[in-house]
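S.K.: Provided herewith is a single structure, encoded as structure tokens, for subsequent inquiry.
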Amino acid sequence: YDTAYADFNLLAVAAIAQELKRTVTRELELFGRDLKSGSLQRKHLAAFALAFSTEKVAQGWLQESLKDPAPSVVEISLVALGMLQFEDTPIELFKAHLSSPSWHVRQAALFGLRYQLKEGKNGGAMTEVVKLLEDPQMDVRNEALIVLRRMKAKEAIDSILNQTYKNFEFVIIGDHCTD
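Quick note, this note's numbering runs 9 ahead of the 1-based positions in the sequence shown.
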């Protein structure tokens with residue numbers, strides 16, 4: 010999945026996602042048990058797989074796994090919660106991790122938040138996301154920009170333009186996007 014995603018192979022991503030959905034549907038309870046009490050590797054795999062579930066119980070398991078002492082489990086669970094795109098997933102779950110000492114967790118919280126926000130809505134996260142435009146880690150700053158773009162609010166654009174961080178490296182990609 011990661012290789013197909015990184016290579017922008019959309020057909021492979023779609024095919025793998027469909028297979029993951031079938032597997033998660035068939036083995037839902039196993040993934041739930043692994044997320045709760047499996048080895049670290051099994052927790053990682055379970056959290057990733059549950060991102061492809063359509064069952065509400067997966068949301069509860071992933072929310073509970075945000076209390077796991079391993080930041081890597083929290084990271085994958087935040088991404089998975091966002092990918093589920095259940096409208097009743099509390100935005101606060103993501104906001105609570107935007108100040109994590111782990112930049113991987115901050116980035117994952119932003120990634121999950123990206124999928125939870127609806128166009129033009131900021132879920133009360135604007136201030137926290139804007140602060141991350143000055144994060145020392147470029148990957149976090151990049152994800153913050155993506156989230157602010159998703160918000161499509163005038164305040165988001167003003168925040169980007171008024172940043173004090175000056176060490177920007179612009180990468181412009183012509184993706185034929187019309188927005």
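Don't be surprised by glycine CBs; every beta carbon is placed ideally from N, CA and C.
Small disclaimer: the values here were computed from a predicted structure and weren't measured.
Going by DSSP, what residue range makes up the alpha helix (DSSP H) through Thr98?
M.R.: Reading the sequence shown from its first residue, position 89 is the one you call residue 98. Here Thr98 belongs to no alpha helix (DSSP H), and DSSP marks it neither H nor E.
S.K.: Run through DSSP, which three-state label would Lys161 get?
M.R.: Here residue 161 refers to the residue found at position 152 of the sequence shown. Three-state DSSP puts Lys161 in coil, outside helix and strand.
S.K.: Just how far apart, CA to CA, sit Tyr10 and Gln27?
M.R.: Here residue 10 refers to the residue found at position 1 of the sequence shown. Here residue 27 refers to the residue found at position 18 of the sequence shown. In a straight line, the C-alpha of Tyr10 is about 11 angstroms away from that of Gln27.
S.K.: As a quick exercise: from Lys127, Ser111, Lys161, pick the residue whose alpha carbon is nearest that of Gln146.
M.R.: As a working note, residue 146 is residue 137 in the sequence shown. Nearest option by C-alpha distance: Ser111.
S.K.: Ends of the alpha helix (DSSP H) at Phe17?
M.R.: Mapped onto the sequence shown, residue 17 falls at position 8. Segment: none, Phe17 is in no alpha helix (DSSP H) and carries neither H nor E.
S.K.: Can you name, in chain order, every residue of its own chain whose Cβ lies under 6 angstroms from the Cβ of Trp70, other than the five neighbours on each side?
M.R.: Here residue 70 corresponds to residue number 61 of the sequence shown, with the count starting at 1. Around Trp70: Gly41, Leu44.
S.K.: Does the Cβ of Arg3 have 16 or more other Cβ atoms within 10 Å, making it buried, or fewer, making it exposed?
M.R.: The requested residue 3 is not part of the displayed model; the chain covers only 10 to 188.
S.K.: Just the C-alpha distance for Tyr14 and Val22, rounded to the nearest angstrom, thanks.
M.R.: Taking the first residue of the sequence shown as 1, we reach residue 14 at position 5. Taking the first residue of the sequence shown as 1, we reach residue 22 at position 13. The alpha-carbon atoms of Tyr14 and Val22 are separated by roughly 6 angstroms.
S.K.: Leaving out five residues before and five after Leu37 in sequence, what residues of the same chain have Cβ atoms less than 8 angstroms from its Cβ?
M.R.: For the purposes of this step, residue 37 is identified with residue 28 of the sequence shown, where counting begins at 1. Hits under 8 angstroms: Ser62, Glu64, Val66, Ala67.
S.K.: Please return the same chain residues whose Cβ sits closer than 6 angstroms to the Cβ of Ala117, not counting the five positions on each side in sequence.
M.R.: Residue 117 sits at position 108 when you count from the first residue of the sequence shown. Here the set comprises Glu84, Leu87, Val88.
S.K.: Counting only the same chain and skipping the five closest in sequence on each side, list residues whose C-beta sits under 7 angstroms from that of Leu102.
M.R.: As a first step, residue 102 must be located in the sequence shown, where it is residue number 93. Cβ neighbours of Leu102 beyond the five flanking positions: Gln72, Leu75, Leu90.
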